[in-house]
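*Asks:*
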Amino acid sequence: MNTTKMYVNIRTKVGDLMEFMPYVWLGLAVVLAVVEISTTQLVSIWFVIGAAATAVCSATFLKGNIVLQILVFVLISAIMLVLTRPLVKKLRKNEIVNTNSDRNIGKTGVVLVDIDPETGKGLVRIGNEKWSAKSKDNLRIKEGSNIRVLAIEGVKLIVEAQNERKD
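Here the sequence shown stands for residues 7 to 173, numbered as in this note's numbering.
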């Protein structure tokens with residue numbers, strides 16, 4: 007008899023705790039949202055959505071079933087990850103990170119070492135600075151030619167010939 011009463015008391019206490027699960031899931035969503043906002047890397051946004059959806063589910067039709075709540079959290083988070091990750095990657099890829107080297111775009115300079123698309127080598131001078139360069143159209147640009155900077159890829163300037171050097 008004593009064991010039965012103890013079991014009933016434990017089940018009652020667990021049942022009381024389960025009433026707070028929507029708040030636990032909502033709290034988890036808020037914590038994950040704060041992490042997401044502070045990192046700006048879109049690493050936990052899927053879990054924020056999963057936790058928020060689980061909070062709604064645990065408040066409505068998944069009352070008292072922690073296993074199903076965890077399953078809903080994992081499934082919704084995984085589905086959101088699979089569905090939105092390509093879109094997020096595409097959006098993040100288009101972000102332009104401005105650097106001080108952007109000031110060279112549009113400037114003119116001179117080729118110091120032939121720009122050779124086959125070897126990938128080439129050196130130009132823009133003002134007092136020397137830069138690795140490659141041509142926009144994968145054309146060879148001879149030493150001494152004038153160039154104009156069109157873009158920057160990594161540490162290389164993308165250039166086009168302004169006019170050919172006359173020997």
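Ideal placement from N, C-alpha and C gives every residue a C-beta, glycine not left out.
What is the rounded straight-line gap between the Cα of Gly160 and the Cα of Val130?
*Replies:* Gly160 and Val130: Cα-Cα distance of roughly 15 Å.
*Asks:* Between the alpha carbons of Thr90 and Val73, how many angstroms are there, rounded?
*Replies:* Rounded to the nearest angstrom, the two C-alpha atoms are 26 Å apart.
*Asks:* In the DSSP assignment, the beta strand (DSSP E) including Gly115 goes from what residue to what residue?
*Replies:* That run of the beta strand (DSSP E) goes Thr114 to Asp122.
*Asks:* Please report the distance separating the alpha-carbon of Gly115 from that of Glu42.
*Replies:* Their Cα atoms are separated by approximately 44 Å.
*Asks:* Does the contact criterion of 3 or more C-beta pairs under 8 Å hold for the segment 114-128 versus the segment 80-96?
*Replies:* The segment 114-128 vs the segment 80-96: no contact.
*Asks:* Tell me which residues share the same chain as Asp120 and place their Cβ nearer than 6 Å to its Cβ, disregarding the 5 neighbours each side in the sequence.
*Replies:* So the qualifying residues of the chain are Lys148 and Glu149.
*Asks:* Which two residues bound the contiguous alpha helix (DSSP H) that contains Gly56?
*Replies:* Here the alpha helix (DSSP H) through Gly56 covers Ile51 to Thr66.
*Asks:* Looking at the structure shown, is Val161 part of a helix, part of a strand, or coil, going by DSSP?
*Replies:* Correct three-state label for Val161: coil.
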